[in-house]
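> Chains as they are written, first to last, in the working numbering: chain X, 1 to 111; chain Z, 1001 to 1115. All C-beta atoms in this analysis are idealised placements derived from N, C-alpha and C, irrespective of residue type, glycine included. From a predicted model like this one, the values you see are computed outputs, not experimental measurements. Below is the structure I would like to discuss, written out as structure tokens.
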């Protein structure tokens, strides 16, 4: 079975600082995709960043970057220069034919 | 592009009533997914369709739940009869045809409350 584990239920960070959210997954597949989704209080699911498993280069989207360690099955999200608007639930997700989510990390950014 | 459209945004009903949630995927997308989100269980995949055909419904909780996709632009998730434990946010998502299926677009969700 494919599983996604987020071991940090809650995290907090001060504005302008950097924070890293952890994610591990388990699969026997070799080709897959990994995602981080953001869910603010509005409950909209917003795609933050995406990584193809066959690419060794870590994905980057502005202040968001990932550390993808395929052998360790680890996919962490780094948020640089944190902003108040980054406050949200963050979900790690894994996809082959269907998207499986982790349980989420609630991130609070303080002024 | 209007995105994935779900209706209603909120639904309050009484136990035993039939509930129908609706979803219009993005035009041109051929995969559609229904998710349920609760505090206890997080985001669970209920069922997904490819080209209007149900591919995996192993996440559907029980026979009270059913989903249909009569055409490429419309899907429904029905609960009959509804129970208080069905209270949750239900999301619909769609994605590109194969080769670009690695990006899901989500609707705004339906908040269901069963009293």
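Under 7 Å Cβ to Cβ from residue 73/X, same chain only, skipping five residues before and after it: list those, please.
So the qualifying residues of the chain are 24, 25, 26.
> For residue 62/X and residue 1016/Z, I'd like the C-alpha separation in whole angstroms.
Rounded to whole angstroms, residue 62/X to residue 1016/Z spans 49 Å at the Cα level.
> Can you look up residue 1042/Z in the DSSP assignment and give me helix, strand or coil?
If DSSP states are grouped into helix, strand and coil, residue 1042/Z belongs with the strands.
> Between residue 111/X and residue 33/X, what straight-line distance do the alpha-carbon atoms span, to the nearest angstrom?
Using only the alpha carbons, I get a separation of about 34 Å.
> Tell me the rounded alpha-carbon separation between residue 87/X and residue 40/X.
So the alpha carbons of these two residues sit roughly 7 Å apart.
> For residue 1039/Z, is the classification buried or exposed, using 16 other Cβ atoms within 10 angstroms of its Cβ as the cut-off for buried?
With fewer than 16 other Cβ atoms within 10 Å, it is exposed.
> So if DSSP puts residue 1026/Z in a beta bridge, which residue, or which two residues, is it bridged to?
The partner list for residue 1026/Z (beta bridge, DSSP) is empty, contrary to what the question assumes.
> Could you check whether residue 1021/Z and residue 1031/Z sit closer than 9 Å to each other, using their CB atoms as the reference points?
The answer is no: Cβ separation not under 9 Å.
> Rounded C-beta distance between residue 93/X and residue 4/X? I'm assuming under 8 Å.
Indeed, because the Cβ distance is near 6 Å, the residues count as touching under 8 Å.
> Applying the criterion that 16 or more other CB atoms from any shown protein chain within 10 Å of the CB defines a buried residue, is residue 51/X buried or exposed?
By the neighbour-count rule (16 or more Cβ atoms within 10 Å), residue 51/X is buried.
> Look at the alpha carbon of residue 1110/Z and the alpha carbon of residue 36/X, and state the distance between them as a whole number of angstroms.
About 22 Å.
> Apart from the five residues just before and just after residue 1043/Z, which ones in its own chain have a Cβ nearer than 7 Å to its Cβ?
Cβ within range, chain order: 1035, 1037.
> In three-state terms, what does DSSP make of residue 84/X?
Note: residue 84/X maps to helix in three-state DSSP.
> Measure how close the beta-carbons of residue 38/X and residue 48/X come, nearest whole angstrom, since I'm counting them as under 8 Å.
Right, the Cβ-Cβ distance comes to about 5 Å (below 8 Å), so this counts as a contact.
> In whole angstroms, what is the alpha-carbon distance linking residue 18/X and residue 67/X?
Cα to Cα, the separation comes out at about 14 Å.
> Which one of 59/X, 91/X, 2/X has the shortest CA to CA distance from residue 9/X?
Checking every option, the nearest Cα to that of residue 9/X belongs to 91/X.
> Measuring straight from C-alpha to C-alpha, what distance separates residue 81/X and residue 104/X?
Approximately 21 Å, taken between the alpha carbons.
> If you check the beta carbons only, do residue 1058/Z and residue 1025/Z fall under 9 Å apart?
No, they are not a contact pair.
> Start and end of the beta strand (DSSP E) containing residue 1054/Z?
Counting along the chain, the beta strand (DSSP E) containing residue 1054/Z begins and ends at 1053 to 1056.
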